[in-house]
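FYI, in the working numbering the residues of the sequence shown are 415 to 1118. Every residue gets a Cβ at the ideal spot worked out from N, C-alpha and C, and that includes glycine. Just so we're clear, the structure is a prediction, and the values are computed from it rather than from any experiment. The structure appears below as structure tokens.
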Amino acid sequence: MVKKNEQEGGKTGFWWKVYLVYAFLLLFAVAIVLRMGTVIFVEGNELMALSEKQSLSRETTEAIRGNIYSADSSLLAVSVPLFNIRMDLHPSVVVNDTFFKYLRPLCDSLHRMYPEKSREQYRQTLLAARRAKNRSFLIKRNVTYMELTRMRKFPIFEKGQFRGGFIVEEHETRRLPNGYLAARTIGYYNQESHYGVGLERAYHAELKGKDGFRLTQRISGNLWRPIYSRDEVQPENGQDIVSTIDIRIQDVAEAALQECMETNEAQHGCVVLMEVQTGKVVAIANLRKQPDGSYAEVMNYAVGEAVEPGSTFKLASTIAILEESRMDTAVKVPTGRLKYYNRWMNDSHREGWGELSFLEAFEKSSNVGISYLANEVFHNKQQRFVDYLCKMHLNKPLGLEIAGEGEPYIKNTSDKTWSGISLPWMSIGYEVKVTPMQILSLYNAVANDGKMVKPMFVQEIRQGSEVVRTFKPTVLVDKICSDRTLSTVQAMLQGVVERGTAKNLRNPLYKVAAKTGTAQINYGQRGSGRMTYRASVVGYFPADEPRYSCIVMITNPQKNRFYGGSVAGPVFREIADKVFATLMKGGQDPQPMHPDRVDTYMAGGYAEDIEKVYAGVGIESPQLEPTTFVRLKGAADNAQAFDEVSLAKDVVPDLTGMGLRDAAYLLERYGLSMRIQGKGRVKRQEPRAGSSCRRGQTVWLYLG
């Protein structure tokens, strides 16, 4: 009986356990159902929005930076696209059969294009990335468009992004089609550090444009695709800057300066050519010697270096003397040596030339003669001399749009460093500091009937073919001196070329007015060893009808030559001769025009861009291969027909009908430089399409 009761009690306990487990499971199921109901009916909308937010991303669409052009329509700076190539090696994208079957052929193709790695090295790195399931393995940075086109046909890559893991990241880089020509003046701008120089920095706000954005949706992993959104904002491309630089004259100036620097083994130097009436800087070059002995444009000395100019400053002193005293230039002055307090003033020829007239002293650049007159006129009213210099705007920066302008220094009588020798030494270009551009502006004012204009580097800003802003000359000083003084110093400057230190600038075809300068750099440093000099020439031409002013300044020339006339003079002469020859020919372009060669193609460009244009105006797009360049051949049966542009190695592509950006892009890919004339689309080209070409060759594009 007892045993029976124990058995019944055991069964009862077992069933209680079963019921307890069942009840627990029932409660758990009820809880799940309740939670599902809460998620669906209470939190559903919020969670759906959160899920959508995590799968969507706002991607910036970068604006295309504007171009910089020369005054003669040559392209000085342009943004060119480059590509970083990556590979998604996850097995879900590139399946095992595909990967292992075509791995070796892919490595062969990569090695042929980029032989810096062996086939085995490519294979091992790809295998390692495959084992790590790397979804963004870097294959190559900064790939050109032509290289990208070839890589799209490589084994595995030809299957695209979603089956071949081929990922293309596009970015832009800034290129200078004319190489180093005016490179420092064109400058650069770093988007990350916000640091830049030259026109790129000065006009960054205009060049950069305005970025847009679009929505992208995650497909899987780190793969995204763009999706349509009414909130999408299209980028506004940057404006184009048209500079005052004439690339043909710039080429002449750079070559002449380079030859001078190499011949004289100078430390650094600069040259500037400017239009007299407008102040437009037509050419500007700066070179500095590098550790390996070569020369490079690494600093804008013409704008940024304020130095003691030496004898070219005697023009300012002469103007002050004539304005204050109305002195006749026939007055006699001593030369050779002259003592001021405890310091001796010496001429370049210590024995001197005996007694000279004021005019002759200026022509021969006599330190003693000019300082003697300055001291005679201003000895008891020295501040008056300083005031005349200030009236000529020599104590203030010019206010150039290019950053980094050197700060001038004109000593004042109230300065603690003013002494009894300050006046005579200032009169010959010491104890003062000015930039080459400031000295040039003074001489330019003399050529411009006394009106001083600010040097300008940009003449207009464009948005496409539309001019949105035009820059006019800015007058700094209406009249630097009286007409009487002006005509006197103009004749004196011509005398320097006819009879004085700049006789090597004489040309029977046109007259030059100029002044030479030779400044001793380390004159106040006792025991400094070898003397160092700064040689310069500044003036204008043609002297009777001035069109251009020019300055050449060479620092620390070697080879036992240091006088301004012998060192800097040849550079001035070569530039002046070439420019005058251009004036005589009416400024005609040396490249032949062929008006009879007019192509019938009306438009062309990158196929993907053309499809976007069609979509933007609501017209059904033609079927085009998205990665090709095409041109509009014409219309037939109310449909527009496009031809694919043939791209072959060592053959000039057909650029007719293309916009400048697409044409520049293709030429860059081929390693070709270009020259441009006109505005609009490419109407004709030289050499003609299909001609053989070599890397570095120039292609002329005629726009219309």
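Alpha carbon of residue i to alpha carbon of residue j, nearest angstrom
| i | j | result |
| --- | --- | --- |
| Gly1001 | Glu959 | Legend: pLDDT at Gly1001 = 49, less than 50; position of this residue unreliable, no value from coordinates given. |
| Leu540 | His585 | 24 Å |
| Trp429 | Arg449 | 30 Å |
| Leu489 | Asn651 | 17 Å |
| Pro869 | Ala699 | 15 Å |
| Gly818 | Thr630 | 43 Å |
| Val432 | Leu439 | 11 Å |
| Ala1103 | Val1113 | 10 Å |
| Glu614 | Leu595 | 15 Å |
| Lys703 | Tyr709 | 5 Å |
| Arg961 | Pro529 | 55 Å |
| Ser833 | Gly593 | 49 Å |
| Thr930 | Thr677 | 19 Å |
| Asn760 | Asp892 | 36 Å |
| Asn862 | Ala916 | 21 Å |
| Tyr715 | Tyr977 | 20 Å |
| Val717 | Thr599 | 9 Å |
| Gly1071 | Lys1097 | 6 Å |
| Asp1064 | Leu1086 | 10 Å |
| Val747 | Ser762 | 16 Å |
Anticipated Cβ contact below 8 Å, residue i with residue j, distance rounded
| i | j | result |
| --- | --- | --- |
| Ile968 | Ala949 | 5 Å |
| Val952 | Thr726 | 5 Å |
| Arg537 | Phe513 | Wrong, their Cβ atoms sit about 11 Å apart, outside the cutoff. |
| Glu765 | Gly750 | 6 Å |
| Lys925 | Ala957 | 4 Å |
| Met501 | Ile553 | 6 Å |
| Ile894 | Arg883 | Going by Cβ atoms, the distance from Ile894 to Arg883 rounds to 29 Å, so no, they are not a contact pair. |
In DSSP terms, what residue i is bridged to
| i | result |
| --- | --- |
| Lys847 | Tyr823 |
| His682 | Arg702 and Thr969 |
| Met866 | Val891 |
| Leu496 | His585 |
| Phe727 | Answer is none; Phe727 lacks a bridge partner. |
| Asn921 | Tyr924 |
| Ser1106 | Val1065 |
| Phe514 | Its beta-bridge partners do not exist; DSSP assigns none. |
| Ile482 | Ala491 and Ile655 |
| Cys521 | In the DSSP output, where bridge partners are listed per residue, Cys521 has none listed. |
| Lys746 | Ser771 |
Residue range of the beta strand (DSSP E) that includes residue i
| i | result |
| --- | --- |
| Thr930 | Ala927 to Gln934 |
| Leu873 | It should be pointed out that residue 873 corresponds to Gln in this sequence rather than to Leu. Counting along the chain, the beta strand (DSSP E) containing Gln873 begins and ends at Val872 to Gln877. |
| Asn1115 | Looking at the sequence provided, one finds Leu at residue 1115 rather than Asn. Per DSSP, Leu1115 belongs to the beta strand (DSSP E) from Thr1112 to Leu1117. |
| Glu765 | Neither: Glu765 is in no beta strand (DSSP E) and is coded neither H nor E. |
| Gln1091 | Ser1087 to Gln1091 |
| Ala905 | Careful: Ala905 lies outside any beta strand (DSSP E), inside the alpha helix (DSSP H) at Asp897 to Arg913. |
| Ser657 | Asp654 to Ser657 |
| Ser471 | Leu470 to Thr475 |
| Ser950 | Tyr947 to Phe955 |
| Tyr528 | That residue, Tyr528, is in no beta strand (DSSP E); it is neither H nor E in DSSP. |
Enclosing alpha helix (DSSP H) for residue i [first to last residue]
| i | result |
| --- | --- |
| Val1119 | Residue coverage of the chain in this structure runs from 415 to 1118, which leaves residue 1119 outside it and unanswerable. |
| Gly612 | Gly612 to Ala616 |
| Thr563 | Tyr559 to Met565 |
| Ile989 | Gly983 to Met998 |
| Asn548 | Here Asn548 belongs to no alpha helix (DSSP H), and DSSP marks it neither H nor E. |
| Val800 | Gln796 to Lys805 |
| Gly386 | Past the boundaries of the shown model lies residue 386; the chain is included only from 415 to 1118, so the question cannot be answered. |
| Glu790 | Asn781 to Phe792 |
| Arg1147 | Because the chain in this structure spans residues 415 to 1118, residue 1147 falls outside the shown range and cannot be described. |
| Leu837 | Ser836 to Ser841 |
| Glu606 | That residue, Glu606, is in no alpha helix (DSSP H); it is neither H nor E in DSSP. |
Residue environment, residue i, which counts as buried when at least 16 other CB atoms sit within 10 Å
| i | result |
| --- | --- |
| Leu434 | exposed |
| Leu839 | According to the sequence shown, residue 839 is Trp rather than Leu. Buried, since its Cβ has 16 or more Cβ neighbours within 10 Å. |
| Asn481 | buried |
| Ser963 | buried |
| Phe497 | buried |
| Tyr786 | buried |
| Ala995 | exposed |
| Asn974 | exposed |
| Tyr603 | buried |
| Cys804 | exposed |
| Met998 | exposed |
| Asp1076 | buried |
| Arg740 | exposed |
| Ser779 | buried |
| Leu1081 | buried |
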